[in-house]
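Residue 582 in my numbering sits at position 109 of the sequence shown, and the numbers go up by one each step. For every residue, glycine included, the Cβ atom is placed at its ideal position computed from N, Cα and C.
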Amino acid sequence: MSGFSIFDISGRAMSAQLVRLNTTASNLANAGTVAGSETSAFRSMKPVFRTVMDDAGRATVQVDQVATSKMAPTKRYDPNNPLADKDGNVWEAAVDSAAELVEMVETARQYQNNVQVLETAKGLINETLRLGQ
Numbered sequence: 474m475s476g477f478s479i480f481d482i483s484g485r486a487m488s489a490q491l492v493r494l495n496t497t498a499s500n501l502a503n504a505g506t507v508a509g510s511e512t513s514a515f516r517s518m519k520p521v522f523r524t525v526m527d528d529a530g531r532a533t534v535q536v537d538q539v540a541t542s543k544m545a546p547t548k549r550y551d552p553n554n555p556l557a558d559k560d561g562n563v564w565e566a567a568v569d570s571a572a573e574l575v576e577m578v579e580t581a582r583q584y585q586n587n588v589q590v591l592e593t594a595k596g597l598i599n600e601t602l603r604l605g606q
């Protein structure tokens with residue numbers, strides 16, 4: 474594997490945070506939805522990251538998979554709901570909205586940190602080039 478530049482490292486980190494943000498948005502969009510069975514109810518998703526190293530020991534991140542939560546959907550009695558089963562129950566999505574909002578804020582901050590790293594690196598390179606003139 475060839476060496477990673479600062480642009481590779483930050484770019485990969487930004488891509489990983491984008492996957493994290495998209496899964497969080499999907500989780501929030503499905504919060505409060507109901508299904509007619511426990512197996513068909515939505516469960517929140519989380520990306521699983523892994524470290525990727527180059528030959529020089531520099532590390533970056535890569536999305537390994539997007540895992541489904543093991544949290545169980547909540548059974549609620551709602552016989553008037555068209556999705557209710559024969560006993561009148563529906564299952565609410567297994568999503569903790571408060572935790573997802575915290576996740577979204579944290580993800581946005583980490584993404585912004587990587588944007589700042591890229592802007593700083595670009596500024597330093599431009600300054601170095603200007604010194605050589």
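| said: By the DSSP assignment, the alpha helix (DSSP H) with residue 493 in it spans what residues? | reply: As a working note, residue 493 is residue 20 in the sequence shown. Start and end: 479-503.
| query | Cβ of residue 596 versus every heavy atom of the ligand ADP: is any distance shorter than 8 Å? | reply | Absence of the ligand ADP is noted for the structure shown, with no ligands found whatsoever.
| request: Assign residue 595 to one of three DSSP states: helix, strand, or coil. | output: Taking the first residue of the sequence shown as 1, we reach residue 595 at position 122. Three-state result, residue 595: helix.
| query | What residues are listed by DSSP as bridge partners for residue 522? | reply | Against the sequence shown, residue 522 aligns to sequence position 49. According to the DSSP secondary-structure assignment, residue 522 is paired through a beta bridge with 536.
| query | What separation, rounded to the nearest whole angstrom, lies between the Cα atoms of residue 547 and residue 561? | reply | Taking the first residue of the sequence shown as position 1, residue 547 is located at position 74. Taking the first residue of the sequence shown as position 1, residue 561 is located at position 88. If you take the alpha carbons of residue 547 and residue 561, they lie about 14 Å apart.
| residue 562: first and last residue of the uninterrupted beta strand (DSSP E) it sits in | Position 89 of the sequence shown, counted from the first residue, corresponds to residue 562. Residues 562-565.
| query | Which value, in whole angstroms, describes the spacing of the CA atoms of residue 552 and residue 521? | reply | Taking the sequence shown and counting its residues from 1, the one referred to as residue 552 is at position 79. Taking the sequence shown and counting its residues from 1, the one referred to as residue 521 is at position 48. Using only the alpha carbons, I get a separation of about 38 Å.
| task | Find the nearest neighbour of residue 508 within the set 590, 576 and 557, judged by alpha-carbon distance. | result | Taking the first residue of the sequence shown as position 1, residue 508 is located at position 35. For residue 508, the nearest C-alpha among the options comes from 557.
| said: Restricting to Cα atoms, I'd like to know which of 486, 503 and 494 is closest to residue 569. | reply: Counting from one through the sequence shown, the residue named residue 569 turns up at place 96. Distances from the CA of residue 569 to each of 486, 503 and 494 were compared; the closest alpha carbon is that of 503.
| field | Presumed contact (8 Å Cβ cut-off) between residue 477 and residue 524, rounded CB distance | value | Within the sequence shown, the letter at position 4 stands for residue 477. Within the sequence shown, the letter at position 51 stands for residue 524. Residue 477 to residue 524, Cβ: 12 Å. No contact.
| Classification of residue 480 by the beta-carbon crowding that lies within 10 angstroms, buried from 16 upward | Position 7 of the sequence shown, counted from the first residue, corresponds to residue 480. Exposed, because fewer than 16 other Cβ atoms sit within 10 Å of the Cβ of residue 480.
| residue 548 - containing beta strand (DSSP E), residue span | Sequence index remark: in the sequence shown, residue 548 carries index 75 (1-based). Note, residue 548: beta strand (DSSP E), 547-550.
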